[in-house]
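What follows is a single structure, written as structure tokens, with notes after it.
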Amino acid sequence: VRYATGARNMQVFHQRNPSRYLFLPVEGPVVLFEFAGAHHLATGLSTIDEIRPATTASYVAAGPAISAVERRWADEVGTLLREVVGDGTTVGLERINHGASTALAGAGFRIVDAQEPAERARAIKGPDEMICIRQSLRATERAVHTVRDAIRPGITENELWAELHRVVIAEGGDYVETRLMTAGTNTNPWFQEAGDSPIPANALVALDTDVVGCHGYYSDFSRTFHVGPDAPTAEQKRLYGLAHEQVHHNMGIIGPGVSFREYAERAWDIPDEFAAQRYYLSSHGVGMTGEYPYLYHRHDFAASGYDGMIEPDMTICVESYIGAKGGSEGVKLEEHLLITETGIELLSDFPFEPTLLG
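If you're matching positions, the sequence shown starts at 196 in our numbering and goes up one per residue.
Encoded structure:
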């Protein structure tokens, strides 16, 4: 709904409650079915022709009458479909519970999954989207500068992570999608979450922003910092240098007209020492969240990968996690890019750590 119209309303709440939905025909009026009592939020948006009350077809809202409410939902949507596009037409549903979907199919419509066309459309960014993405990144970069300045021995991961939240919200952002800010031994393996552990002296602090920022657009870059007060160790520099090398090698091979398979074959060769704990993707699309396409490592392409083409106006994040299985620490780095007609444009603009690169 936010992508198609710009209308925002309790984004996280509506990710788990089918209480707000949009009718978006190829031709005809765009109708927002808005959450009860919130119709005023989208009033005046040029992207929406009509606002109607939503029918919440969930067990939480309907209890044992859920089947009847699902049929009522299907009747309301079906009536609109017949008015605008006719009976028996094909309808793409992106996300709705099974009972509502089958009720609409039972009303004579052909139901298909809207994931593919929605993801393909979102993969190519327009000029207005790029304005939003740049503003979201600048705001998140200010938040990460605040985090970097707040790093000190003894502060907990949660206290440090709260600094990210504080500035993201103050800058007009929506929320942080993950809790990926850890320090010291909590950086290895990756995907441990921020907790109440005090950050030790001379440790690494790793952060993946994963911020749904201003205008609802994702700011996705990763940085690893050193706490001090001593200089980084040779091992910390080695890990950081390899992650930096991986990101920049893969930035150098990505571009318009490169197939997903070709990218996987030419991507940085992860040393055996770090292969077991490699990040699950080499790169991925990004827009309002992590999006199509997923670009897999060469190791994983046969089992999980799919082919396609990197196209101009895609926005892509290039990833690296370097941490040995059983190692004491790891490094997470990532950059956020725009694919242009002739190459790439680096969108994220946060410095790397000279003390870790030295």
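All C-beta atoms, glycine included, are put in the ideal place defined by N, C-alpha and C. As the structure is a prediction and not an experimental result, all values here were calculated from the model.
Just checking my contact of residue i with residue j at CB under 8 Å: how many whole Å lie between their CB atoms?
i, j, result
"L355", "A338", "Between A338 and L355 the Cβ distance is about 12 Å, and since that is not below 8 Å, they are no contact."
"S417", "L528", "5 Å"
"D344", "G408", "The Cβ separation is near 19 Å, so there is no contact."
"V526", "A401", "7 Å"
"A470", "H443", "At roughly 19 Å, the Cβ-Cβ gap does not stay under 8 Å, so A470 and H443 are not in contact."
"I394", "I448", "Not quite, the Cβ-Cβ distance comes to about 36 Å (not below 8 Å), so this is no contact."
For residue i, which of helix, strand or coil comes out of DSSP?
i, result
"L375", "coil"
"L217", "strand"
"E366", "coil"
"M446", "helix"
"P248", "strand"
"M509", "strand"
"R422", "Looking at the sequence provided, one finds Val at residue 422 rather than Arg. In the structure shown, V422 sits in coil (DSSP, three-state: anything other than H, G, I, E or B)."
"T484", "coil"
"G303", "coil"
"D332", "A small fix is needed here, since residue 332 is Leu in this sequence, not Asp. Residue state, collapsed to three classes: helix."
In whole angstroms, give me the CA-to-CA distance for residue i and residue j.
i, j, result
"H421", "I246", "51 Å"
"I243", "V196", "10 Å"
"R329", "E540", "12 Å"
"T419", "V362", "19 Å"
"G223", "T284", "14 Å"
"S185", "S214", "In the structure as shown, the chain starts at 196 and stops at 553, and residue 185 therefore has no counterpart that could be examined."
"A357", "G423", "21 Å"
"P259", "N292", "15 Å"
"C327", "A199", "14 Å"
"V221", "I319", "18 Å"
"E506", "A256", "43 Å"
"F218", "E536", "33 Å"
I'd like to know whether the C-beta atoms of residue i and residue j end up nearer to each other than 8 Å.
i, j, result
"G452", "M509", "no"
"S373", "L399", "For clarity, residue 373 is Thr in the given sequence; the question names Ser instead. It is not a contact, given that the beta carbons lie outside the stated cut-off."
"G521", "Y412", "no"
"Q441", "S523", "no"
"L288", "A309", "yes"
"A519", "E460", "no"
"I511", "G485", "no"
"V342", "V371", "no"
"A252", "E229", "no"
"A455", "G390", "Per the sequence shown, the amino acid found at residue 455 is Phe instead of Ala. Going by C-beta atoms, F455 is not nearer than 8 Å to G390."
Quick check: does the Cβ of residue i come within less than 7 Å of any heavy atom belonging to the ligand ADP?
i, result
"L299", "The ligand ADP is not part of this structure, which contains no ligands at all."
Determine whether the Cβ of residue i lies closer than 8 Å to any Cβ atom of chain D.
i, result
"G223", "In summary, chain D is missing from the structure at hand, where a single protein chain is found."
Legend entry - the segment 480-498 touching the segment 287-307, judged by at least three CB pairs closer than 8 Å: Segments in contact, no.
Inset, instruction - For the segment 318-336 and the segment 542-552, state whether three or more C-beta atom pairs, one from each stretch, are separated by less than 8 Å. - result: The segment 318-336 is in contact with the segment 542-552.
Inset, instruction - Spell out a yes or no on whether the segment 201-211 and the segment 264-273 are touching, meaning 3 or more CB-CB pairs, one atom from each, closer than 8 Å. - result: Segment contact: the segment 201-211 against the segment 264-273, fewer than three CB-CB distances shorter than 8 Å; contact not assigned.
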